[in-house]
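Numbering (UniProt numbering), first residue to last: 1 to 308.
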């Protein structure tokens with residue numbers, strides 16, 4: 001990475017966020033490694049600009065190049081803001097999860113459609129504060145159009161080492177400790193499908209940034225509700241390493257599909273344009289706006305205040 005250019009002057013519209021066990025994307029051609037400095041600091045890792053056929057994709061290691069950020073320490077705002085500054089509008093986020101359902105086995109993929117927030121407010125979770133207020137809808141936390149593309153690509157790989165569950169509810173807990181047995185059973189009673197520590201606030205910030213965002217969960221264990229072998233770090237690492245090849249195959253298939261002309265509006269998240277900005281612009285009156293907060297919003301949405 002040290003020998004790569006540190007700037008890239010072409011827009012990159014698609015990003016992959018890699019979590020535990022997916023710290024890099026082998027098989028793609030690296031063309032640059034950039035580290036945008038945002039009003040919220042630097043992202044967790046240099047952002048690798050990769051070439052796949054005729055498509056550029058940004059890759060960001062959520063927990064850092066050496067997995068140095070605990071879940072509650074991940075600079076989520078800097079991560080999302082840095083990606084947007086590069087032109088990204090479409091994000092696929094990989095994450096390791098524990099299964100809360102018998103039918104979701106270790107190494108299975110889950111394409112979630114809902115999330116329950118069990119974080120504790122320790123993590124900064126909005127771009128809009130300190131003198132600029134914004135309220136953003138989050139009823140459906142993932143992008144249904146992007147989810148359909150991922151589902152079709154994953155389904156085409158089924159039977160070749162890939163098992164897909166096409167919906168589910170993610171419980172996002174604070175961590176970094178794993179659940180108690182009582183908590184694990186409680187989450188099952190709530191209808192939780194899988195559990196992790198990284199889904200939020202990443203998905204909320206992605207919505208505020210008007211991204212088309214979809215998580216892909218890779219099951220590594222049965223948490224601690226199961227009658228055998230409670231979750232541990234070694235188990236998670238073992239299954240993630242084994243499933244890394246399948247994850248890279250899925251990424252390649254999704255990128256190929258998104259490169260098709262019929263998905264150009266999805267890649268540019270046209271259906272999310274303005275969803276955040278309208279509510280933010282008219283919520284806080286001019287007299288109450290903080291200048292520094294306005295500059296932060298301007299970083300996300302250049303020209304935001306020009307017509308105000």
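Glycine included, C-beta positions come from ideal geometry on N, C-alpha and C.
What do you reckon, are the CB atoms on residue i and residue j nearer than 9 Å?
i	j	result
residue 211	residue 77	no
residue 172	residue 110	no
residue 213	residue 113	no
residue 100	residue 225	yes
residue 13	residue 44	no
residue 34	residue 47	yes
residue 15	residue 57	yes
residue 150	residue 92	yes
residue 127	residue 190	no
residue 97	residue 170	yes
residue 11	residue 86	yes
residue 322	residue 209	The shown model of the chain, from 1 to 308, leaves out residue 322, and the question about it has no answer.
Helix, strand or coil for residue i per DSSP?
i	result
residue 141	coil
residue 51	strand
residue 135	coil
residue 222	coil
residue 196	strand
residue 254	helix
residue 271	helix
residue 74	coil
residue 300	helix
residue 180	coil
residue 205	helix
residue 289	coil
Which residue from the options puts its Cα closest to that of residue i?
i	options	result
residue 176	68, 113, 168, 203	68
residue 139	204, 259, 252, 40	204
residue 220	6, 19, 46, 5	19
residue 298	178, 132, 246, 287	132
residue 223	94, 188, 32	188
residue 271	280, 145, 196, 255	145
residue 95	185, 103, 202, 82	202
residue 217	51, 80, 71, 107	107
residue 245	7, 284, 180, 27	27
residue 193	59, 300, 103, 296	103
residue 167	155, 178, 174	155
residue 276	250, 137, 51, 261	137
residue 79	52, 38, 49	38
residue 153	54, 249, 303	249
Hey, is residue i close to the ligand GTP, as in C-beta under 8 Å from one of its heavy atoms?
i	result
residue 291	With respect to the ligand GTP, the structure offers nothing, as it holds no ligand at all.
Could you please give me the residues that DSSP links to residue i through a beta bridge?
i	result
residue 214	92
residue 284	Note: residue 284 sits in no beta bridge, so no partner.
residue 56	51
residue 153	According to DSSP, residue 153 bridges with nothing at all.
residue 66	Its beta-bridge partners do not exist; DSSP assigns none.
residue 61	18
residue 80	In the DSSP output, where bridge partners are listed per residue, residue 80 has none listed.
residue 173	118
residue 41	38
residue 165	110
residue 32	49
residue 158	162
(request) Let me know the beta strand (DSSP E) ranges lying completely inside the stretch 86-133, each 3 residues or longer, listed in chain order. (result) Given a length threshold of 3 residues, each whole run of the beta strand (DSSP E) inside the stretch 86-133 is given here in chain order: 90-99, 114-118.
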